[in-house]
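**Q** Structure provided below as structure tokens; questions to follow.
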Amino acid sequence: MRAAIGLWRWRHNPLRRTTDLVEAWVALAAAVLLCLAVPAAGWAAGASANASLQRSARAQLSERVPTVARVIRPADRPAGRQPADVAAEQRLRPSVVADWAAPDGTIHTGTVTTTRQQAHPGATFPLWTDRAGEPVTPPMHPDTARAHALIAGFTVALLAGLLIESGRRLVVHRLMRRRYARLDRAWAQAGPDWGRTGTGS
1030 MRAAIGLWRW RHNPLRRTTD LVEAWVALAA AVLLCLAVPA AGWAAGASAN
1080 ASLQRSARAQ LSERVPTVAR VIRPADRPAG RQPADVAAEQ RLRPSVVADW
1130 AAPDGTIHTG TVTTTRQQAH PGATFPLWTD RAGEPVTPPM HPDTARAHAL
1180 IAGFTVALLA GLLIESGRRL VVHRLMRRRY ARLDRAWAQA GPDWGRTGTG
1230 S
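Structural data, given as structure tokens:
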């Protein structure tokens, strides 16, 4: 809005300089880009990221199988690990030895992590495996994919806005330098007689 007002104000102003008009046009162009290009860039980036993440989530869901694991006993402390480090990890995600059924029906046994509430022998907890029955992380949830895509869209929009504003500021900075250079030349041409016209000296 200020850019449009600036253009209108400078239309027939006798004091208007070329750099004033250029600055007003640059401000108007930046305002239009901020209102149109920035949201478009954010939407395009978010839509693209969402489509890619949703495909990844569907692929993970098709490749990973949910099952139920049963705790046999707490896992042994790894060799070379400090007891304090192991204790800290056990408070967050305890490691246990558990068994579970693979997709082909065979029973697998291994060391996995679970919650503290489900770490006692005999407890069961959900576990995701690959087609071979090896433990894997759970597939990405579609809502998580959408959240990541939303963040990506906002990030691209923010970067686009910063790029446009940086470009506008760079152009204005160069215009100011040009104005100051012209002013310096004008003062140099006026010379030491400035202000003494008509004094007879």
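Going by my numbering, the first residue of the sequence shown is number 1030, and it counts up by one from there.
Glycine is no exception: its CB is placed at the ideal position from the N, C-alpha and C atoms.
Bear in mind that the values here come from a model prediction, so they are computed numbers and not experimental data.
Return the bridge partner residues of Phe1154 from the DSSP annotation.
**A** Ala1098
**Q** Measuring CB atoms only, is the region 1085 to 1100 touching the region 1147 to 1160, in the sense that at least three cross pairs come out at less than 8 Å?
**A** yes
**Q** Which two residues bound the contiguous alpha helix (DSSP H) that contains Gly1134?
**A** Element bounds for Gly1134: n/a, residue is neither H nor E.
**Q** Quick one: grab the DSSP three-state call for Pro1171.
**A** helix
**Q** For Thr1138, which residues in the same chain have their Cβ closer than 6 Å to its Cβ, ignoring the five residues on either side in sequence?
**A** Asp1128
**Q** Would you report the Cα separation of Pro1168 and Thr1184, rounded to the nearest angstrom?
**A** 25 Å
**Q** Between which residues of its own chain and Ala1189 is the CB-CB distance below 6 Å, once the five residues before and five after are set aside?
**A** The beta carbon of Ala1189 lies closer than 6 Å to those of Val1067, Ala1070 in the same chain, with the five residues before and after it left out.
**Q** With a 10 Å radius around its C-beta and 16 neighbouring C-beta atoms as the bar for buried, classify Pro1123 as buried or exposed.
**A** buried
**Q** Could you tell me if Arg1197 is buried or exposed, where buried requires 16 or more neighbouring beta carbons within 10 angstroms of its beta carbon?
**A** buried
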